[in-house]
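Just so you know, numbering that gives the first Met the number 0 puts 361 at position 362 of the sequence shown, and the rest follows in order with no gaps.
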Amino acid sequence: MTSATRAESAAAARTAVVGGGIAGLAAAWELARAGVPVRLYEASDRLGGAIAPHVLAGVEVDAGAEAFATRSTAVPQLIEELGLSDQVVEPNPDGAWLQLPDLASPLPATGILGIPADPTAAEVVAILGQEGARRAAEDLSRPMQDWTSVAAGAGAGGGAAGVGSPSVGAVVRDRMGQAVLDRLVTPIVSGVHSAHADDLDMSNAAPGLFEAMLEQGSLARAVAQVKAAAPAGSAVNSLEGGLKTLVAALERRLRELGVEIRAGVAVTDLSVLDAEHVILAVDGPQLMQLAGPYADLPQRGTELGRGVALVSMVLKAPELDARPRGTGMLVAPSVEGVGAKAMTHISAKWDWASRALTQALGEGHHLVRLSYGRVDDDLAAGALGFASSDEQLLQAAAADVGTLFGLPVWRGQILDADVVRWQKALPQASAGHQQHVAQVRDALAQSWGAQNRSGPKLYAVGSWFAGTGLARVIPDARAVARLIMNDS
Ligand SMILES: Cc1cc2nc3c(=O)[nH]c(=O)nc-3n(C[C@H](O)[C@H](O)[C@H](O)COP(=O)(O)OP(=O)(O)OC[C@H]3O[C@@H](n4cnc5c(N)ncnc54)[C@H](O)[C@@H]3O)c2cc1C
């Protein structure tokens, strides 16, 4: 990795993008297809950021993000522009399972974040028990409390004034009770969002749900309403060969359009880029550092979360051909003896992955991915996560995979394994975060008009600003890129 130098930047394009994750790539795409010359800098030697490939037993699969949400048209639109629509794939409709201390059960398909649309449905009652289901059903008739002063991060029941909507934890506890929170919502929130339900802003985690609840006077009816408004088909899709297909296509088309891609260049000083506009598509702390000299940025803890460690393994296990746990499992924190917070049975979820494994290794082979590192894990007590050693993680994963499938898995069945750690791609959607990033964007915009301004006009994109996930990051980055076109 080298640093960008003045000499390198002599023939600068007028717009530079710093960061070659999906946010930087989407911003560069928006500009380049409109004819704006762009130079893109990426610190690592490959593009894609948290969309990354790795090879297990000779098969290339996703090591980070593996799917995109279909609730908006943003990602499908980009895919269409890149000519990849015929490569869109749906996951196996079996869906995921829940592992609770006393039960392994398919996750009810009708929920959002695990919140049931019908607390009286048999599959929901089976998970909550009669008493838990009775309390959950109170939501259908109890008057709605006044939520105006309750914001995320206020803890159980809320109470602190702040911005945004209340936390997922506060709303679910109030409307449906603790059993829904513990047995349905927490496994999903901690396994998928790497967050604690009391710290997760409801509007951020499930756009539109809070407003729908106020309108409907019921959380369950709100879930049903939001689900009914979602596009038909599965909630997430991917591409044949995984999301690396998207990055490869973007890179190819950007190069065709003349975008100069500088991989292996970590930008440390924006002045050497010699650009009029600079889009910062990096993580939050990195952005604060790079933009610091140019704007009066509001300071606040720029937490990145604790990070996660993913253990992927290829198993020879024909007994998994029957997909005994659907597409994978979300594990409640209260389950003892299992360190993983989630397990994805990748080859059960995606037919393309199953076909690739069969082609490479023959029948009866499976790919699973286990994730470690809950936001409130007690690291001092030995909880596994980002900081654990490969050996610790591999050992735990070998044991967990057997426990979660309910089948013993011997070491000899594991043909290949890989540990991948992610720290910077899952920013905490916690209390005050949205307000803070809005203030950072305001400060950047204000610096454009500052007297004696000598630096470039700075713009911020990426998941730290837009929220986690391609469906948020891509349209946001493209909208920011259009600001530059309007300014030109
Ligand atoms: C394990 C995991 C699984 C996920 N699964 C999904 C999923 O299935 N679906 C989904 O929608 N989302 C998923 N996400 C979230 C999604 O991947 C992210 O929200 C999104 O990819 C973030 O893109 P980004 O461009 O903002 O950031 P990043 O992907 O982090 O890219 C930032 C880039 O900037 C580069 N960079 C940083 N500093 C500099 C510098 N100084 N100079 C040059 N370059 C620099 C970095 O090297 C990096 O490539 C997942 C995330 C993780 C970690």
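Glycine included, each C-beta is placed from N, C-alpha and C at the ideal position.
All figures in this text were calculated on a predicted structure; none of them were measured in a lab.
**Study point:** Near ligand 1: E41 beta-carbon under 7 Å from a heavy atom
**Key:** yes
Point to revise | DSSP state of I413 mapped onto helix, strand, coil | key: strand
**Study point:** Length at least 4, wholly inside the segment 214-278: the alpha helix (DSSP H) runs in chain order
**Key:** 218-228, 243-255
Point to revise | Nearest-angstrom Cα separation, counted from E255 out to G405 | key: 50 Å
Exercise for review: Note down the Cα distance separating R440 from K456, rounded to an integer number of angstroms.
Suggested key: 12 Å
Practice item. With DSSP as the reference, label I114 as helix, strand or coil. Key: strand
Check your understanding: Is it right to say N203 is buried, meaning 16 or more other beta carbons lie within 10 angstroms of its own, or is it exposed?
Key -> buried
Review point. For the segment 19-28 against the segment 242-260, are there 3 or more C-beta pairs whose distance is under 8 Å?
Key: yes
Point to revise | Supposed close pair A132, V124 - CB separation, criterion 8 Å | key: 4 Å
Exercise for review: List the DSSP bridge partners of M312.
Suggested key: V367, A416
Practice item. Consult DSSP for H435 and reduce its assignment to one of helix, strand or coil. Key: helix
Point to revise | For T14: DSSP bridge partner residues | key: V37, H276
Review point. Would you call the segment 218-231 and the segment 334-348 touching, i.e. three or more CB-CB distances under 8 Å?
Key: no
Practice item. To the nearest angstrom, report how far apart G48 and D61 are at their CA atoms. Key: 12 Å
Exercise for review: Compare the C-alpha of L414 against each of W421, S370, L366 and name the closest.
Suggested key: L366
Exercise for review: Hey, could you find the ends of the beta strand (DSSP E) M175 is sitting in?
Suggested key: Element bounds for M175: n/a, residue is neither H nor E.
Review point. From what residue to what residue does the alpha helix (DSSP H) around M201 run?
Key: 201-204
Check your understanding: Just how far apart, CA to CA, sit P142 and L180?
Key -> 20 Å
Check your understanding: Got a sec? Which residues, its chain only, sit under 6 Å from V35 by beta carbon, not counting five neighbours each side?
Key -> T14
Review point. Whose CA, out of A196, I345, L482, lies closest to the CA of M312?
Key: I345
Exercise for review: Give the DSSP-derived three-state secondary structure of A160 in the structure shown.
Suggested key: Annotation note: pLDDT 31 at A160 (below 50); position unreliable, no value reported.
Exercise for review: Taking the CB atoms as reference points, tell me whether T326 and A347 lie closer together than 8 Å.
Suggested key: yes
Point to revise | Same chain only: Cβ atoms within 6 Å of M484, ignoring 5 sequence neighbours per side | key: A33
Review point. Under the DSSP definition of a beta bridge, which residues are partnered with W421?
Key: V307
Exercise for review: Give a single yes or no on whether E335 has its beta carbon closer than 7 Å to a heavy atom of ligand 1.
Suggested key: no
Check your understanding: Around the Cβ of L469, are there at least 16 other Cβ atoms within 10 angstroms (buried) or fewer (exposed)?
Key -> buried
Exercise for review: Examine the Cβ distances between the segment 283-299 and the segment 55-73 and report whether three or more of them are shorter than 8 Å.
Suggested key: no
Check your understanding: Any heavy atom of ligand 1 closer than 7 Å to the CB of W349?
Key -> no
Point to revise | For S233, the nearest candidate out of A108, L279, Q215, H195 (CA to CA) | key: A108
Exercise for review: Examine chain D for any beta-carbon lying closer than 8 Å to the beta-carbon of W351, and answer yes or no.
Suggested key: The structure shown contains no chain D; it holds only a single protein chain.
Practice item. Using 10 angstroms around the beta-carbon of E137, count the other beta-carbons present and answer buried if the total reaches 16, otherwise exposed. Key: exposed
Review point. Do you know whose CA, among L403, L329, D389, D475, lies nearest G336's CA?
Key: L403
Check your understanding: In its own chain, which residues sit with a C-beta less than 7 Å from the C-beta of R5, not counting the 5 before and 5 after it?
Key -> Low confidence applies here, because R5 scores a pLDDT of 40, under 50, leaving its location unreliable; read the following figure in that light. Hits under 7 Å: V271.
**Study point:** For G283, three-class secondary structure by DSSP
**Key:** helix
Check your understanding: Are the beta-carbon atoms belonging to L329 and L97 less than 8 Å from one another?
Key -> yes
Check your understanding: Which residue from M201, Q215, I114 puts its Cα closest to that of A178?
Key -> I114
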